[in-house]
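Those protein sequence lines, which keep their order, are chains A and B.
Residue numbers for the first sequence follow numbering that gives the first Met the number 0, so the first one is 0 and each next one is one higher.
Residue numbers for the second sequence follow numbering that gives the first Met the number 0, so the first one is 0 and each next one is one higher.
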Amino acid sequence: MKELLGLFITFFKIGLFTFGGGYAMIPLIQKEVVTNKKWLTDADILDIIAIAESTPGPIAVNTATFVGFKTKGVPGALFATFGLVLPSFTIIYIVSFILRQFMEFPAVAYAFAGIRAGVLALILKALISMYKQCPKGVISYIIMFIAFAAVLFTKINVIFVILFCAAVGLVHSLIVSSRKPKGGDEK
Amino acid sequence: MIYLELFFTFLKIGAFTFGGGYAMIPLIQSEVVAKGWMAEEEILNFIAVSESTPGPFAINIATYIGAETGGFFGAVCSTFGVVFPSLVIIILVAKFFTSFKDNRIVKGCMSGLRPTVIGLIASTALTVAISVFLPKDLDFSVFDVYSFVSSLIIFGLAAFLLLSKKKNPILIIAISAVLGIASGYLRTLF
Numbered sequence: 000m001k002e003l004l005g006l007f008i009t010f011f012k013i014g015l016f017t018f019g020g021g022y023a024m025i026p027l028i029q030k031e032v033v034t035n036k037k038w039l040t041d042a043d044i045l046d047i048i049a050i051a052e053s054t055p056g057p058i059a060v061n062t063a064t065f066v067g068f069k070t071k072g073v074p075g076a077l078f079a080t081f082g083l084v085l086p087s088f089t090i091i092y093i094v095s096f097i098l099r100q101f102m103e104f105p106a107v108a109y110a111f112a113g114i115r116a117g118v119l120a121l122i123l124k125a126l127i128s129m130y131k132q133c134p135k136g137v138i139s140y141i142i143m144f145i146a147f148a149a150v151l152f153t154k155i156n157v158i159f160v161i162l163f164c165a166a167v168g169l170v171h172s173l174i175v176s177s178r179k180p181k182g183g184d185e186k
Numbered sequence: 000m001i002y003l004e005l006f007f008t009f010l011k012i013g014a015f016t017f018g019g020g021y022a023m024i025p026l027i028q029s030e031v032v033a034k035g036w037m038a039e040e041e042i043l044n045f046i047a048v049s050e051s052t053p054g055p056f057a058i059n060i061a062t063y064i065g066a067e068t069g070g071f072f073g074a075v076c077s078t079f080g081v082v083f084p085s086l087v088i089i090i091l092v093a094k095f096f097t098s099f100k101d102n103r104i105v106k107g108c109m110s111g112l113r114p115t116v117i118g119l120i121a122s123t124a125l126t127v128a129i130s131v132f133l134p135k136d137l138d139f140s141v142f143d144v145y146s147f148v149s150s151l152i153i154f155g156l157a158a159f160l161l162l163s164k165k166k167n168p169i170l171i172i173a174i175s176a177v178l179g180i181a182s183g184y185l186r187t188l189f
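Shown next, in the form of structure tokens:
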């Protein structure tokens with residue numbers, strides 16, 4: 000029980016002090032979970048990040064669930080995730096009462112007109128850093144374009160676009176990997 | 000039943016979120032704007048709110064839309080919905096599938112998903128750019144030079160501070176807000 004409470008409190012802290020989503024959390028998780036609590040090692044954290052990236056869902060939630068599960072099983076996963084979510088939930092629940100009323104003030108409406116221009120810069124930065132990390136290739140560029148165009152210019156459901164692009168990537172990589180090694184790798 | 004609808008909508012969003020908040024926006028738009036729960040411009044405003052409050056974007060927007068649509072219990076349902084796929088999938092992967100990230104199928108799907116995320120973020124960027132620079136739904140007869148120039152200046156400064164000066168996003172939002180207020184009041188003087 001003490002460890003479950005520890006997981007809850009640790010991820011509550013992480014949820015409370017990270018702004019800007021998943022990747023901003025990782026140094027804090029490392030410090031709390033590896034250096035302070037010694038629940039996991041640095042190598043575990045790298046594994047967890049790789050898995051959190053390749054499974055659906057917000058990276059922060061995936062990481063909390065994974066660390067919680069590795070430390071204390073299913074109850075650990077639940078306590079860690081609940082701890083992570085609680086600060087956001089509380090703060091946004093309070094914000095939801097005031098945000099629309101505040102929008103009535105001209106000053107706030109002006110502020111948000113400016114903020115939207117600033118947010119565009121934030122999105123552009125995310126786009127550039129994702130682009131830098133992505134392995135390039137003809138197929139990659141085709142998929143980028145398909146996703147971009149399908150979302151903007153068609154009424155195709157976004158979920159279908161995501162599934163289709165994942166399937167293209169899968170088929171392409173299976174074809175490439177079946178061509179390269181001459182037997183041996185295949186079972 | 001609004002609670003079930005919130006839960007299942009955000010379950011879908013949680014299950015198809017890859018690559019962080021900005022890649023989620025097209026999915027949220029198609030699910031949430033279509034249902035009339037939130038206007039497109041409100042979603043863009045909320046990006047800024049989420050950047051300046053702690054916690055992941057997915058949780059923040061789930062809680063906000065849930066609270067706006069169905070009160071406290073609505074917020075609980077949508078937040079639980081967005082977290083639920085992660086909980087189930089990660090527990091299964093951690094328990095049964097320790098070599099998950101080295102699996103060929105997973106790697107193959109990821110090789111398709113990475114560029115998809117880039118395409119999705121690029122489409123978000125374009126949507127936001129249109130709403131920032133041409134706010135009246137591309138109706139050029141009401142094209143507003145003052146707001147175009149002021150948005151361009153704010154965007155340019157924000158991009159400079161963020162990309163070359165590596166400033167913190169919260170600072171960017173604060174500066175953009177101050178400039179937005181200044182520009183709005185300056186205009187009323189004329």
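Note that the Cβ used here is the ideal one computed from N, Cα and C, for glycine as well.
For L178 (chain B), the chain A residues whose C-beta falls within less than 7 Å of its own C-beta are G113, listed in chain order. By the beta-carbon neighbour count (other beta carbons within 10 angstroms, threshold 16), F152 (chain A) is exposed. Under the three-state reduction of DSSP output, P55 (chain B) falls in the coil class, being neither helix nor strand. In this structure, F7 (chain A) and F81 (chain A) form a Cβ contact; the two beta carbons are roughly 7 Å apart against a cut-off of 8 Å. When secondary structure is reduced to three states using DSSP, F17 (chain B) falls in the coil class, being assigned neither helix nor strand. Annotation note: the region 25 to 82 of chain B contains the following uninterrupted alpha helix (DSSP H) runs of length 4 or greater, listed N- to C-terminal: 39 to 50.
Pairwise C-beta distances place the region 54 to 61 of chain A in contact with the region 89 to 105 of chain B, as three or more of them are shorter than 8 Å.
In terms of Cβ geometry, L5 (chain B) and G69 (chain B) form a close pair [threshold 8 Å]. Within chain B, no residue has its beta carbon less than 7 Å from that of I25 (chain A); the closest one is some 12 Å off. Listed in chain order, the alpha helix (DSSP H) runs fully inside the region 99 to 154 of chain A are 105 to 132 and 137 to 152, counting runs of at least 4 residues. Taken in chain order, the members of the region 85 to 107 of chain B whose beta-carbon sits within less than 8 Å of a beta-carbon on chain A are S85, L86, I88, I89, I90, V92, A93, K94, F99, K100, R103, I104, V105, K106 and G107. Residue environment: F96 (chain A) is assigned as exposed (fewer than 16 neighbouring CB atoms within 10 Å of its CB, all protein chains considered). Per DSSP, the continuous alpha helix (DSSP H) segment holding G14 (chain A) begins and ends at K1 to F16. Non-local C-beta neighbours of I171 (chain B) in its own chain, meaning closer than 7 Å and more than five positions away in sequence, comprise A157, L160 and L161, ordered along the chain.
If you ignore the 5 residues before and after A63 (chain A), its C-beta comes within less than 6 Å of the C-beta of F10, A79, T80 and L83, all in its own chain and listed in chain order.
Cβ-Cβ separation between L119 (chain A) and V32 (chain B): approximately 19 Å, too far for a contact (criterion under 8 Å). Each residue's CA atom was taken as its position, placing C76 (chain B) and L133 (chain B) some 36 Å apart. Taking the beta carbon of T54 (chain A) as reference, the chain B residues within 7 Å of it are I88, I89 and V92, listed in sequence order. Put simply, the CB of E50 (chain B) is near chain A, with a gap under 8 Å to one of its CB atoms. Neighbours of T40 (chain A) in chain B, taken as residues at a C-beta separation under 8 Å, are lacking, since the least C-beta distance is about 15 Å. Neighbours of F65 (chain A) in chain B, taken as residues whose beta carbon is under 7 Å from its own, are I89 and A93 in chain order. Straight through space, the alpha carbons of V48 (chain B) and K11 (chain B) are spaced by roughly 23 Å. Of all C-beta pairs linking the region 169 to 184 of chain B to the region 141 to 148 of chain A, fewer than three are shorter than 8 Å, placing the two stretches out of contact. Looking at the backbone, the Cα of K12 (chain A) and that of Q29 (chain A) are separated by about 13 Å. The C-alpha of S51 (chain B) is placed about 11 Å away from the C-alpha of N167 (chain B). A Cβ-Cβ separation of about 11 Å leaves A49 (chain A) out of contact with K106 (chain B) under the 8 Å criterion.
The C-alpha of K135 (chain A) lies about 27 Å from the C-alpha of A42 (chain A). Within the region 64 to 90 of chain A, contact with chain B at the beta-carbon level (separation under 7 Å) is assigned to T64, F65, F68, K69, V73, A76, T80, V84, P86, S87, F88 and I90. Between the region 83 to 92 of chain A and the region 26 to 43 of chain B, the count of C-beta pairs closer than 8 Å stays below three; the two stretches do not touch. Among the CB atoms of chain A, none fall inside 8 Å of the CB of K34 (chain B).
Proximity of M0 (chain A) to chain B, defined by a Cβ-Cβ separation below 8 Å, is not satisfied.
Between the region 165 to 173 of chain A and the region 102 to 122 of chain B, the count of C-beta pairs closer than 8 Å reaches three or more; the two stretches touch. For Y2 (chain B), no chain A residue has a C-beta closer than 9 Å to its own C-beta; the minimum C-beta separation is roughly 16 Å. Here the alpha carbon of F142 (chain B) sits roughly 17 Å from the alpha carbon of V127 (chain B). For the C-beta of I122 (chain A), the chain B residues within less than 7 Å are, from N- to C-terminus, Y21, I120, T123, A124 and V127.
Residue A:F88 holds the alpha-carbon nearest to the alpha-carbon of G73 (chain B) among A:Y109, A:F88, A:A59 and A:T70.
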